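Novice: At position 426 of the first sequence (counting the first as 1) the number is 1318 in my numbering, and the numbers step up by one without a gap.
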Amino acid sequence: MVPRFRFAPSPTGGLHIGTARTALFNWLAARGMNGKFILRIEDTDVKRSNREHEKSIVNDLKWLGLGWDEFYRQSERIKKYQEFAGRLLKEKKAYRCFCSPARLEKLRASQYASGKISKYDNRCRSLGEDEIKKNLSEGKRFTIRFKVDDDNEIIFNDLARGKIRFKSDVIGDFIIIKSDGTPSYNFAVVVDDGDMKITHVIRGEDHLTNTARQVLLFKSLGFNLPYFAHLSMILGEDGSKLSKRHGATTITQFREGGYLAEALANYLSMLSWSPGEGREVFGINDVGGRFKISDISKSPAVFDINKLKWFNGIHMRRKTAGELVELCLPFLIREKVISKRDIKNKAVMDKIYRGVKSFKDNLKVLSDFPGYIKDYLTEKITKYSGEAVEILRVGTSKIVIENFLEELENEGKTFDNIKDMDLNEEKSKNLINGIKEKSKGLKIKGKYLYMPIRVSVTGKTHGPELPGVISMLGAETCIQRARQTLEYIKRNI
RNA sequence: GGCGCAUUCGUCUAGUGGUUAGGACAUAGCCCUCUCAAGGCUAAAACAGGGGUUCAAGUCCCCUAUGCGCUACCA
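Here it is in structure tokens:
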């Protein structure tokens, strides 16, 4: 028999980090067992569900690389639930309840006040046929409730947690069909899992207590019980359930924040699971049969943005410069560092490419890049930092910069147009070496050689390796900026 | 309140009766280095508490504490 897994989000918001992890674990388990992965949209709550959210969830799943084999929407299966409910009604395993929401609310309040278990008092369970008919003919609204016998013990095996037991008398007769004809969550889930022949249910711990109700339903409906596994919650730094007030919580937010799908999937898979052998960095496609449901950890995990950032850095450095350019483009456009038209501009794209190569090691998230490269795309230096000015004050700095400019200009003379001069990293290195040679007599080296050049073309004392910087700026801009800096020295120092 | 689940460095985790309790992130120091990173090395850092079982317990059992979840005509 082919194992069948499902991920069943309700489209009441974007794809939450915790929910995404549930999807991922189902996907990993399905992959590892050569099973099927089914996506089922649980949109029976008409008020809170909408198609925009569904689209967003679907989009994020695809982005994470979690493809599915089958797709369903509960709102399109309403008839099915009613059919099954009708069967339970006929078999007297369920009954119509005409109690008003107001009465139920009152009942709950009084039970809570007196410290008793809050559950339905089974008032409509013993309604006579005549009374039911009368209510029906009067057009009274009703729900359908499932009969729960007292004194039963419900036991099921959780693949991640072991044996779990509940006493049935803490569960009241619960609603399976709401008064608007739509199924309640617990009922829809069981009908679907049974009907879709789901073999493994991996879901959040918040459903653990629901499982007791569902086991009862599975049995009454004559379905085989699937295997269950309940995942611990993902917590915020303060130990409470991860929510909006902890910052970004949806996959969309992380994508827009510059995180890579690979990094997010990798990090999420490491929350409550580990592939063993000290392995930490991997792609979800490489996990294969190593994913075992029984290895899932039982305790909740605190979401650590720092570790995610670390994963992100690692996965970015694993990409080629070309791949990174593609990934950075949306962020460059969003920050208006380049325009859409620039994508076709070879000169600009070349700069971006060299910029990505230089800044690769400094990036934590893709969205860092626009801020880094911005100052390298302008013709002139916009500002000299305080530390940079200090460097310019050093007597030998002027000489170094003059030498640098001279070398560049000489080199440039061999071209009709300076734009044709390709100042790659290798040439930049040679250039610096040339200046080193020239400055030997003056004993200028190390910091006193590199820093003036760096400042002369960037106005800053920080940045990636100098040859890369020179190469990304290009000969023309370097000449302009070096001249600008010499001018600055003349005027201000 | 009731029911359920959990508890190893600050954080994520490895560990399935015998370990100097291992790794990773973060932190600190050193190395590399023109700077910022990246990388390398090193340091500090944990079995919630109490009872059992056992020759031996982080590992098995019980209690306590703490945290989390559920207790809807939400999912």
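We put the CB at the ideal spot given by N, CA and C, even for glycine. Bear in mind the structure is a predicted one, so any value in this text is a computation, not a measurement.
Look at the alpha carbon of G1180 and the alpha carbon of S1289, and state the distance between them as a whole number of angstroms.
Specialist: Their Cα atoms are separated by approximately 58 Å.
Novice: Over what stretch of residues does the beta strand (DSSP E) that includes R1233 continue unbroken?
Specialist: Note, R1233: premise wrong, no beta strand (DSSP E); not H, not E.
Novice: Classify D1041 as buried or exposed, calling it buried when 16 or more other Cβ atoms lie within 10 Å of its own Cβ.
Specialist: Exposed is the call here.
Novice: Please name the residue, chosen from N1254, F1296, Q1376 and S1132, that lies closest to E1329 on a Cα-to-Cα basis.
Specialist: Minimum Cα distance to E1329 is reached at F1296.
Novice: Should the stretch 1158 to 1176 be regarded as contacting the stretch 904 to 922, the criterion being three or more beta carbon pairs within less than 8 Å?
Specialist: At 8 Å Cβ cutoff, the stretches touch.
Novice: With distances taken between CB atoms, is the gap from P1118 to T1101 smaller than 8 Å?
Specialist: Cβ atoms of P1118 and T1101: not closer than 8 Å.
Novice: Unbroken alpha helix (DSSP H) runs of length 4 or more, entirely within the stretch 986 to 1071: which are they?
Specialist: As far as the stretch 986 to 1071 is concerned, its whole alpha helix (DSSP H) runs of at least 4 residues are 993 to 1005 and 1021 to 1029.
Novice: Using a Cβ-Cβ cut-off of 8 Å (strictly less than) and excluding sequence neighbours within five positions of L1127, which residues of its own chain qualify?
Specialist: If we look at L1127 and ignore the five residues flanking it on each side, its Cβ neighbours are K1133, L1134, P1192, A1193, V1194 and F1195.
Novice: Measure the alpha-carbon distance for K1337 versus I1381 and round it to whole angstroms.
Specialist: Roughly 20 Å between the two C-alpha positions.
Novice: Thinking just about the alpha-carbon of each residue, which of E1271, F990, I949 and R1033 is nearest to the one in V1349?
Specialist: When only C-alpha atoms are compared, the closest one is E1271.
Novice: Decide if K1026 is buried, meaning its Cβ has at least 16 other Cβ atoms within 10 Å, or exposed.
Specialist: By the neighbour-count rule (16 or more Cβ atoms within 10 Å), K1026 is not buried but exposed.
Novice: I'd like to check one pair, M1364 with K1243: are the Cβ atoms closer than 8 Å?
Specialist: Against a cut-off of 8 Å, the Cβ pair of M1364 and K1243 comes out as a contact.
Novice: Would you be able to state if there are at least three C-beta pairs under 8 Å between the stretch 1203 to 1214 and the stretch 1149 to 1164?
Specialist: Short answer: they touch.
Novice: Using three-state DSSP, classify L1163 as helix, strand or coil.
Specialist: Looking at L1163 - three-state DSSP - the assignment turns out to be coil, as it is neither helix nor strand.
Novice: Taking the beta carbon of H1354 as the centre, do at least 16 other beta carbons fall within 10 Å, making it buried, or is it exposed?
Specialist: H1354 should be labelled exposed.
Novice: To the nearest angstrom, report how far apart T1306 and D1314 are at their CA atoms.
Specialist: Their Cα atoms are separated by approximately 12 Å.
Novice: Taking contact to mean at least 3 C-beta pairs separated by less than 8 Å, is the stretch 965 to 974 in contact with the stretch 992 to 1002?
Specialist: With the cut-off at 8 Å, the stretch 965 to 974 and the stretch 992 to 1002 do not touch.
Novice: Keeping to the same chain, check which residues put their C-beta closer than 6 Å to that of C1220; ignore five residues upstream and five downstream.
Specialist: Answer for C1220: L1258 and F1261, listed in chain order.
Novice: Give me the Cα-Cα distance between R1170 and K1111, rounded to the nearest whole angstrom.
Specialist: The sequence given here has Gly at residue 1170, not Arg. Using only the alpha carbons, I get a separation of about 42 Å.
Novice: When the Cβ atoms of the stretch 1131 to 1150 are set against those of the stretch 949 to 959, are three or more pairs found closer than 8 Å?
Specialist: Yes, the stretch 1131 to 1150 is in contact with the stretch 949 to 959.
Novice: If the criterion is Cβ atoms closer than 8 Å, does the pair L1113 and F976 meet it?
Specialist: In this structure, F976 lies closer than 8 Å to L1113 by Cβ.
Novice: Considering Cα atoms alone, identify which of G1131, A986 and F929 is closest to Q974.
Specialist: It is A986 whose Cα lies nearest to the Cα of Q974.
Novice: Rounded to the nearest angstrom, how far is the Cβ of F949 from that of G906, given a contact under 8 Å?
Specialist: First, the amino acid is wrong: residue 949 is Ile here, not Phe. Confirmed, Cβ separation roughly 7 Å.
Novice: I think M1125 touches G1096, with their Cβ atoms under 8 Å apart; what is that distance to the nearest whole Å?
Specialist: Sure, about 7 Å apart at Cβ, within 8 Å.
Novice: Would you kindly work out how many angstroms separate the C-alpha atoms of K1266 and V1347, rounded to a whole number?
Specialist: The alpha-carbon atoms of K1266 and V1347 are separated by roughly 16 Å.
Novice: For L1255 and T1377, what's the separation of their Cα atoms in angstroms?
Specialist: Each residue's alpha carbon lies about 28 Å from the other.
Novice: Please classify Y1276: is it buried, with 16 or more other beta-carbons within 10 angstroms of its beta-carbon, or exposed?
Specialist: Buried.
Novice: Starting from the C-beta of T911, find all residues in its chain whose C-beta is less than 6 Å away, skip the five residues before and the five after it, and write them out in chain order.
Specialist: So the list reads P901, once near-sequence residues are dropped.
Novice: Who are the Cβ neighbours of Q1372 in its own chain at under 8 Å, not counting the five residues just before and after it?
Specialist: E1271 and K1272, listed in sequence order.
Novice: The alpha helix (DSSP H) spanning R1105 covers which residue range?
Specialist: It spans L1100 to S1112 - the alpha helix (DSSP H) in which R1105 sits, taken as one unbroken run.
Novice: Excluding the 5 residues flanking G1136 on each side, which residues of the same chain have their C-beta closer than 7 Å to its C-beta?
Specialist: The question names Gly, but residue 1136 in the sequence shown is Lys. Cβ within range, chain order: n/a, list empty.
Novice: Between I1324 and P1359, is the Cβ-Cβ spacing less than 8 Å?
Specialist: Their beta carbons are under 8 Å apart, which means I1324 touches P1359 by this criterion.
Novice: Measure the Cβ-Cβ separation of I1067 and S1060 and say whether it is below 8 Å.
Specialist: Taking 8 Å as the Cβ cut-off, I1067 and S1060 do not qualify as a contacting pair.
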